[in-house]
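A.B. asks: As numbered in this note's numbering, residues 1 to 330 make up the sequence shown, in order.
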Amino acid sequence: MLSQKEPVLTDMMLRYPFVHHSRRFFDSIPIEESFSSREVVRQAEMRLMSALGRANYEPHVTELVEFSSFFVSAFVASQESLLAGRFAKREAERSRGLYEREDARDKATVIRECFGIGIQYGGDSRYGYSAGVEEYLALVSKYELAKAQRWKLVRQALSAGRVYFTDNVVNDLFGDSAQRAISDGLKNLRKAPFPKQLVELRSRVLTYVPVPRTRTGRSYNYIDELLKHPIADGRHRFVWLVLAPFLVNVRKLDEEDAIEKIKAYVSRSGDMSAMKRFVEYNVKRAKRNGLMPPTLTKLRSEHPDLFSLLPREVSAMEEPPKTANPKTSK
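(1) State buried or exposed for T216, treating a residue as buried only when at least 16 other CB atoms are found within 10 Å of its CB.
(2) Under 9 Å between the Cβ atoms of V110 and A131?
(3) At what residues does the beta strand (DSSP E) containing S130 begin and finish?
(4) Can you name the residues that DSSP bridges to L139?
(5) Is the beta carbon of A108 closer than 9 Å to that of Y351?
(6) Tell me which same chain residues have a C-beta within less than 6 Å of the C-beta of R105, skipping the five on either side of it?
(7) So what's S333 in DSSP terms, helix, strand or just coil?
(8) Have a look at W151, P311 and S125 and flag the residue whose alpha-carbon is nearest the alpha-carbon of K228.
(9) Mind checking which residues open and close the beta strand (DSSP E) that includes A157?
(10) Can the beta-carbon of G175 be found less than 9 Å from the beta-carbon of A286?
(11) Straight-line CA distance for S159 to L153?
(12) Excluding five sequence neighbours on each side, which residues of the same chain lie with their C-beta closer than 6 Å to the C-beta of A88?
(13) Can you list, in chain order, the residues of its chain whose CB lies under 6 Å from that of R38, leaving out five sequence neighbours each side?
(14) Work out the CA separation of S315 and S141 for me, nearest whole Å.
(15) Sort out for me which residues DSSP pairs Y121 with in a bridge.
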């Protein structure tokens, strides 16, 4: 039994488990009622399989099991980037659906509790909700929502220093914010020790995670080899043209992991301090625009000066041109 001094499971935490004070309550639950609970693990597995499109999710009748299953499944989802993305998207969709059905007057309270933005409800007019421009920009900046054109300030209804929203727009704002909040939470969980009680669950679920499709496997082998050989010249161009697109869009690393890998690579051939922001910017740019690295053949034909800077071990990997079939050539 939880003592009165310990946090209490609220309806807000049950419906929107990513709300900031939910983690404190989860940490107060005895381990036999969370990581070691068969019911919780079973519910978490259904939650994860739903994110992968392999099951229809049904909320558990026991509130504590339902609540705990979110955090258990989040721990597992944090271990694999593709699963993490799908989990965050699916959970955000579920939360948006719940938020959409909230009473109009309660929506302002819920979004403030979840994300800290002070939205006001102004009645049943078309633009029934509003927030100060500074508060709106703080939310957009916190979750990097402006990567999507629809959340840029110039696309909003503005008047007298306030941003106005229709009911549908505020629902979408909640959903997109939820997805980013969950994604950020998964990144933090990834850094924490993985619970030994969930190792079997992780193994079962990861067998269903599809392997990301990449372009012809051999086309990018040279980049794996390049990462073994630090270079001093042309570092900036190799970062934005080759390494950043390769790590986030071929190897599917999280942005943070890709940034750290490039930093480590660059620092082996010289001072990294002047390139820190450059690396961060270009990793985010490659991810945002879906950029792909050039193949070795394309690098030689379109960027011969850069090709000439490659270590011999890398440049020698270029596939020889195909020769004509002697039986068909004249």
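Beta carbons are placed, not taken as given, at the ideal position from N, Cα and C, and that holds for glycine.
C.D. replies: For this structure:
(1) Here residue 216 is taken as the residue at index 216 of the sequence shown, counted from 1. The predicted position of T216 is uncertain, since its pLDDT is 48 and thus under 50; a value taken from the coordinates is nonetheless stated next. Its Cβ having fewer than 16 others within 10 Å, T216 is exposed.
(2) Here residue 110 refers to the residue found at position 110 of the sequence shown. Here residue 131 refers to the residue found at position 131 of the sequence shown. The Cβ atoms of V110 and A131 lie no closer than 9 Å to each other.
(3) Here residue 130 corresponds to residue number 130 of the sequence shown, with the count starting at 1. From DSSP, the beta strand (DSSP E) with S130 extends over Y129 to G132.
(4) Here residue 139 is taken as the residue at index 139 of the sequence shown, counted from 1. L139 pairs with nothing; no bridge assigned.
(5) The structure shown does not extend to residue 351, since the chain is modelled only from 1 to 330, so the question has no answer here.
(6) Position 105 of the sequence shown, counted from the start, is the residue given in the question as residue 105. So the qualifying residues of the chain are Y121.
(7) Here the chain covers residues 1 to 330 and nothing more, so residue 333 does not appear.
(8) Here residue 228 refers to the residue found at position 228 of the sequence shown. Of the candidates W151, P311 and S125, the one whose C-alpha sits nearest the C-alpha of K228 is P311.
(9) What you label residue 157 is simply residue 157 of the sequence shown in a count that begins at 1. Per DSSP, A157 belongs to the beta strand (DSSP E) from A157 to S159.
(10) If you number the sequence shown from 1, residue 175 lands on position 175. If you number the sequence shown from 1, residue 286 lands on position 286. With contacts defined by Cβ atoms closer than 9 Å, G175 and A286 do not form a contacting pair.
(11) Against the sequence shown, residue 159 aligns to sequence position 159. Against the sequence shown, residue 153 aligns to sequence position 153. Their backbone Cα atoms lie some 12 Å apart in a straight line.
(12) In the sequence shown, the residue the question calls residue 88 occupies position 88. Closer than 6 Å at the Cβ level, and outside the excluded window around A88, lie Q179, I182 and S183.
(13) In the sequence shown, the residue the question calls residue 38 occupies position 38. Excluding sequence neighbours, R38 sits near nothing in its chain.
(14) Translated into the one-based positions of the sequence shown, residue 141 becomes position 141. Translated into the one-based positions of the sequence shown, residue 315 becomes position 315. Their backbone Cα atoms lie some 42 Å apart in a straight line.
(15) Position 121 of the sequence shown, counted from the start, is the residue given in the question as residue 121. Its beta-bridge partners are Y129.
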